[in-house]
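Shown next, in structure tokens, is the structure this report addresses.
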Amino acid sequence: TRVAILISGRGSNMVSLIEAARAPDFPAEIVLVLSNRPEAAGLARAAEAGIATQAIDHRAYPDRDGFDAALDAELRAAKVDLVCLAGFMRIFTPGFVEGWAGRMLNIHPSLLPLFKGTHTHARALEAGVRLHGCTVHYVVPELDAGPIVAQAAVPVRAGDDPDSLADRVIVQEHRLYPAALALVAGGKVRLEGDRVIFDAEAA
Ligand code: GRF
């Protein structure tokens, strides 16, 4: 399975996916890292790891459709099978998302469906939840709403602030995303409509 990782920033989740994919038995190959921001620090980290990189500056396009079309062309040119969003901070047009239905994953720093959107750690503390965490899900046109592949829970501790909570969640993200990608790329899960079917159920 040929995988492209899309980033907008430091790319710490990208690094954990690249590292995991080094294992000879990992069922996916990271073939491309793309960013909407040419200055994204993750691009240099991908290049250091020997992965092809490309920046598609969203400011160079008149509208969302134009950017998404350019991105789609690059992904298809690289014969990408699966897209992993990792700290990618743009919202796609529904058309682009539908073109990658069942072939695009995202990691979100909350236990979805709680806390869709941004500032999830502050909102979790505000809500007084005792369990927080992260979720890998298939991407659908509605933001942070796609079928869930995997989750990791992180207890909220007394005295936590958004940064201390984020620091514990990100550690779980770096464990969860490679595991979730291995499940999807390894054919252990598949999407049927809006349900994720695990092979145990499929047997
Ligand atoms: C992480 O919290 C991730 O869940 C969210 O963006 C943040 C930064 O990710 N999608 P990364 O360090 O750029 O991978």
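If you use the UniProt record's numbering, the sequence shown corresponds to residues 7 to 209, in order.
Just so you know, even glycine gets a beta-carbon here, dropped at the ideal spot from N, CA and C.
Keep in mind it's a predicted model, so treat the numbers as computed, not measured.
Shorter than 7 Å, the distance from the beta carbon of residue 30 to the closest heavy atom of the ligand GRF, or not?
no
> Which ranges does the beta strand (DSSP E) cover as unbroken runs of at least 3 residues, wholly within the region 77-163, from first to last along the chain?
Replying inline: 88-91, 110-114, 137-144, 154-161
| said: Assuming contact is defined by CB atoms lying nearer than 8 Å, are residue 107 and residue 155 in contact in what I supplied? | reply: no
Considering only their Cβ atoms, is the gap separating residue 62 from residue 24 smaller than 8 Å?
no
**Request:** Round the Cβ separation of residue 138 and residue 171 to the nearest angstrom and send it over; I've been treating them as touching at under 8 Å.
**Result:** 6 Å
**Item:** Residue closest to residue 45, alpha-carbon to alpha-carbon, out of 83, 131, 35, 17
**Value:** The shortest C-alpha separation from residue 45 is found at 17.
Check: Which word fits residue 152, buried or exposed, when buried means at least 16 other C-beta atoms lie within 10 angstroms of its C-beta?
Finding: buried
With 16 other CB atoms within 10 Å as the buried threshold, where does residue 193 fall?
exposed
Practice problem: Assign residue 43 to one of two classes, buried (16 or more other C-beta atoms within 10 Å of its C-beta) or exposed (fewer than that). | Solution: buried
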